[in-house]
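These notes are about the structure you will find just below.
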Amino acid sequence: MSNDEKKLSRQWFRSAKFAVLFHWGLYSLAAGTWKGKRIHGIGEWIMYRGRIPVREYETLAAQFNPVKFSGKEWARIAKAAGMKYIVVTAKHHDGFAMFKSKASQYNIVDATPYKRDPLLELAEACEKEGIRLGFYYSQFQDWHEPDGAGNTWDFPQERKFENYFNAKALPQVRELLTNYGPVALIWFDTPGTMSREDSLRLVQAVHELQPDCLINSRIGNGVGDYDSLGDQEIPLVARGGLWESVDTHNDTWGYVEFDRNWKSPRELVERMVKVVGKGGNYMLNVGPTGLGQIPAACAGILREVGAWVGRNKEALYATDASPLGLLPWGECTSRSGKLYLHVLDWPQSERLVVPGVTAKVKRAVLLTDARRRPLRVSVGKGAVSIRVPRVAPDSPATVVALDVAGKLRGCAARTVINCHRNDFDPPYSVLKNCKHAKFSWMEKFGDWKHADCVAEWSGPESKAAWRFTALEPARYYLELDYSCDERSSDSEGMLTVGRTSLPFPVLDTGERSNPVPDHGLWPLFRVYRLGMIELPRAGNYSLTIGPMQKTEGGWIKLRRVSLLPVNA
Ligand code: FHN
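Take the working numbering: the final residue in the sequence shown is number 1247, and no numbers are missing along the way.
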C-alpha cells in the first residue's frame, strides 16, 4: 500500500471520534459472582481472580443462552449515541470464542444452547446502520488452553506458546477476517511477552486478508497502526498521530450485576470532548448482560449523550485538536477556519473569555441557534470576549463556533479568568530539580486510575512553576491536590504567587503500597485549601511551589494547583 493509500484508508478512523467497545462473553453470565461469592473488580477476570478451574468455568457455556441479544438493537443504540464504530470481544482472556470457529470447539455455536453466531448478526446490523465493525481478540492470554498465557492454576507446567498460537490464535484471527465482511479494525490486548515475530505474523495475517483493516498498538512490539492509551486514560495534553482513549461506563468491562457506578451524561460528554480536543477518538465500553441486553441504565445515559452529540456533531466529527492549550471552562476542537468552544462551566457574567486566540475572529455563533445569529465579539489584551446568554443554552456543554482567519498558535502561558476555576496541571509546568511522573494504580481490581504529577523533589532547590496572565484584579482561594506518605508528613512547602508567599505544612494523605501484588504504589490524593491570595492588577504572574527543607522519599506527588475565584 502506498503512503497516500494508507492515509486514505485511515481517514475514517481520524474522523470517527466516538466509538463503543462491547465486552461480552461467558463472564457476563457470571456477572461478578461465583458460587454465591461476589468477586469485586473487573467482571471478565472472574475466572482468573477466582482461580476457577477450566472444567468448572466451562459449565457456564452449557448455560449461556443470550436469547435477548439483538445485533440490530446494539447497532441502533450505538448509532443513536453517535458512535461511528463498534468493537466487540470476539475472544477475551477466558478463551471462549463468541463466534463459530473451526479452530476451537469452545465457541458459542458449538458449546452453548444458543447455537447461533451473534457476530454474524452484529456484522449485518452494522452494515445496515453504516457503522464500522471491529473485533477484540486476546492474542496472548488464553486461560482455557494449556499453552496459552495466564492460567497457572490448571496449567502450572512450562508451556509451548507456539502450539496455542498456531493452532488457535492465528486461525481464529483469520476466521474473523474471512467470515464477517469488511473488518474495520482488530483490537488486540495484553501482548505480554509475545515476540516481535509473533506480533508480525498476526499483522501479516490481518493485512493479507483485509489490507485496510487497522490494528491497535496492543498487538505489542510497536507494530500496530494506531495507539490505544491505557485503560480509562484521558490525556492532559494534545497528542499527534492516530490514537484512541478507551474508557468504560462504570468500573468494569464485562457485565457485573452489582457495579452501578455509571458515569453520568455530563461526565461522558466531558471525557469525550477532552479526548477529541486532544486529537483522539473516545471509545466507551459497555458490558451487556448474559442474556445479551445492554443494561437499561447504561442505554438511557447513552441516549442522552447521543442527543447532545446530535446537536453538536459539527464540533466533533472530523475535527482536529485544540490549538489553544488549557481552557478553564472546557475544551476546544478545530478545523480549517473554525474553532469550536465546548463550554462545560458556563460563565455567569454573560461573557465568555477565550484566551490564546491569535487569529482574527470573524463571527461567533451558538451551535444550538438554528438561525445562527452572530454573538457580539470584542478583542482585548490576550483574550477574545464573547457576549453570551445568561443561562447556558445547551447541556451538558454549549458549543460556541468561531469563524477565524489567520494562523492559530498555541498559547503556552496559562490565563486566569476570574469567574472560573483555574487548574494548573503538571504537564504545563516548568521544573527544576523535580520530575514529571505518571502514576497508574487500581483500587478494586482492573479499575485503572491515572495521575500526571510533579514528583521526586529533593529539597529547597526543587521548584515547579507556571506562568499565567490575570485579566483583571481578583481574589482567589488556593488549593493543592497531592498524595504523600508518612515520610514527608510534617515537612513544609512554600507556594508563591506574585509577591505573596504562603508556607504550608505537608500532611500524610495515607499513601501506601498497593495491596494488589505487583501493582506498586497506591497514591491517595487529597485537596487542601491553603488560603486566599489577591492578584492586585491585570497582568503576568508566576506561581511557584516547592519544599522548604531537604526531603525524604521524593516529597509529595502534586497532581494540581487550583485558583478558585472567591466571588464566583
Ligand atoms: O485485561 C484486559 C481487561 O480485561 C479489559 O479487556 C481491558 C480493556 O482495555 N484490557 C485489558 C487490560 O488492559
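Heads up, the beta-carbon is just placed ideally off N, CA and C, and yes, glycines get one too.
Express the C-alpha separation of residue j and residue i in angstroms, rounding to a whole number.
| i | j | result |
| --- | --- | --- |
| Gly1249 | Pro914 | Nothing can be reported for residue 1249: it is not among the residues displayed for the chain, which extend from 680 to 1247. |
| Lys807 | Gly985 | 19 Å |
| Gln784 | Thr857 | 18 Å |
| Tyr1156 | Tyr859 | 57 Å |
| Cys1163 | Ser1137 | 14 Å |
| Lys1142 | Glu1158 | 17 Å |
| Glu684 | Leu881 | 21 Å |
| Asp891 | Pro1184 | 57 Å |
| Phe1103 | Ser943 | 25 Å |
| Leu1020 | Gly919 | 20 Å |
| Gly1035 | Val1195 | 44 Å |
| Gln972 | Leu739 | 17 Å |
| Leu1003 | Cys1011 | 7 Å |
| Pro1106 | Phe778 | 44 Å |
| Asp868 | Thr927 | 15 Å |
| Arg689 | Gly715 | 47 Å |
| Leu1214 | Ser1241 | 14 Å |
| Glu949 | Ala1076 | 8 Å |
| Arg1208 | Glu923 | 35 Å |
| Val1133 | Arg1030 | 34 Å |
| Thr1037 | Leu1005 | 15 Å |
| Phe814 | Ile894 | 10 Å |
| Ser1015 | Leu1087 | 10 Å |
| Glu912 | Lys953 | 11 Å |
| Leu864 | Ser817 | 14 Å |
| Asp826 | Pro835 | 10 Å |
| Ile1212 | Val1032 | 22 Å |
| Leu1150 | Thr931 | 43 Å |
| Val1188 | Arg811 | Per the sequence shown, residue 1188 should be read as Thr rather than Val. Answer to the nearest angstrom: the Cα atoms are 46 Å apart. |
| Asn964 | Val925 | 7 Å |
| Lys686 | Glu1165 | 52 Å |
| Ser1168 | Thr791 | 57 Å |
| Ser1013 | Cys977 | 30 Å |
When DSSP builds the beta bridges, which residues end up paired with residue i?
| i | result |
| --- | --- |
| Ser1192 | Leu1200 |
| Ser668 | Past the boundaries of the shown model lies residue 668; the chain is included only from 680 to 1247, so the question cannot be answered. |
| Phe697 | Tyr961 |
| Arg811 | Tyr764 |
| Arg1042 | Asp1082 |
| Val1206 | Asp1160 |
| Phe1103 | Val1240 |
| Glu1213 | Arg1154 |
| Pro629 | There is no way to answer for residue 629, as the model of the chain reaches only from 680 to 1247. |
| Lys1111 | Lys1142 |
| Val781 | Checking the displayed sequence, the identity of residue 781 turns out to be Lys instead of Val. None; Lys781 has no bridge partner. |
| Ser1057 | Ser1064 |
| Val670 | With the chain represented from 680 up to 1247, any question about residue 670 goes unanswered, as that position is not in the structure. |
| Lys716 | Trp713 |
| Gly1218 | Ala1149 |
| Thr1077 | Val1022 |
| Leu1006 | Gly1009 |
| Arg1093 | Phe1147 |
Just checking: is the beta-carbon of residue i within a distance shorter than 8 Å of some beta-carbon in chain B?
| i | result |
| --- | --- |
| Glu1213 | Among the protein chains of the structure shown there is no chain B, as only one such chain exists. |
On the three-pair Cβ rule with 8 Å, is the stretch 697–709 touching the stretch 761–772?
The stretch 697–709, when compared against the stretch 761–772, does touch it at the 8 Å Cβ threshold.
Beta strand (DSSP E) runs contained entirely in the stretch 850–926, provided each spans 3 or more residues:
DSSP runs (the beta strand (DSSP E)) wholly in the stretch 850–926: 864–867, 906–910.
Below 8 Å, how does it come out for the stretch 719–735 and the stretch 1122–1138: are there three or more Cβ pairs, yes or no?
As far as the Cβ criterion goes, the stretch 719–735 touches the stretch 1122–1138, which means the pair count is three or higher.
Check whether the stretch 1166–1179 and the stretch 1223–1235 touch, using three or more Cβ-Cβ pairs below 8 Å as the test.
A contact exists between the stretch 1166–1179 and the stretch 1223–1235.
Assess, as a yes-or-no matter, whether the stretch 948–967 is touched by the stretch 991–1006 under the definition of 3 or more beta carbon pairs within less than 8 Å.
Touching, yes, given that three or more Cβ pairs across the two stretches are closer than 8 Å.
Pair every Cβ in the stretch 1097–1117 with every Cβ in the stretch 1058–1067, then say whether three or more of these pairs are closer than 8 Å.
Contact fails: fewer than three Cβ-Cβ distances are below 8 Å.
Completely contained alpha helix (DSSP H) runs for the stretch 738–764, where each covers 4 or more residues
Annotation: the stretch 738–764 contains the following complete segments of the alpha helix (DSSP H) (minimum length 4 residues), in chain order: 738–742, 750–760.
If we require 3 or more residues per run, which beta strand (DSSP E) segments fall completely within the stretch 1114–1185?
Within the stretch 1114–1185, the complete beta strand (DSSP E) runs of at least 3 residues are 1114–1121, 1127–1134, 1142–1149, 1153–1162, 1171–1176, 1179–1184.
Length-filtered (4 minimum) alpha helix (DSSP H) runs lying within the stretch 810–844:
Listed in chain order, the complete alpha helix (DSSP H) runs (minimum 4 residues) inside the stretch 810–844 are 840–843.
Does the stretch 836–854 come close enough to the stretch 746–756 that 3 or more CB-CB pairs lie under 8 Å?
They do not touch, by the three-pair rule.
Counting beta carbon pairs with one atom in the stretch 698–718 and one in the stretch 763–778, are three or more of them shorter than 8 Å?
A contact exists between the stretch 763–778 and the stretch 698–718.
Contact between the stretch 786–797 and the stretch 842–850: three or more CB pairs below 8 Å?
Contact between the stretch 786–797 and the stretch 842–850 is absent, because fewer than three Cβ pairs lie under 8 Å.
Taking 8 Å as the threshold, find out whether the stretch 893–907 comes into contact with the stretch 869–880 through three or more Cβ pairs.
Contact holds: three or more Cβ-Cβ distances are below 8 Å.
Within 8 Å, do at least three Cβ pairs link the stretch 1076–1085 to the stretch 1036–1054?
Because the criterion of three Cβ pairs below 8 Å is met, the stretch 1036–1054 and the stretch 1076–1085 touch.
Taking three-plus beta-carbon pairs below 8 Å as touching, is the stretch 707–718 in contact with the stretch 961–981?
With a cut-off of 8 Å on Cβ pairs, the stretch 707–718 is in contact with the stretch 961–981, counting three or more such pairs.
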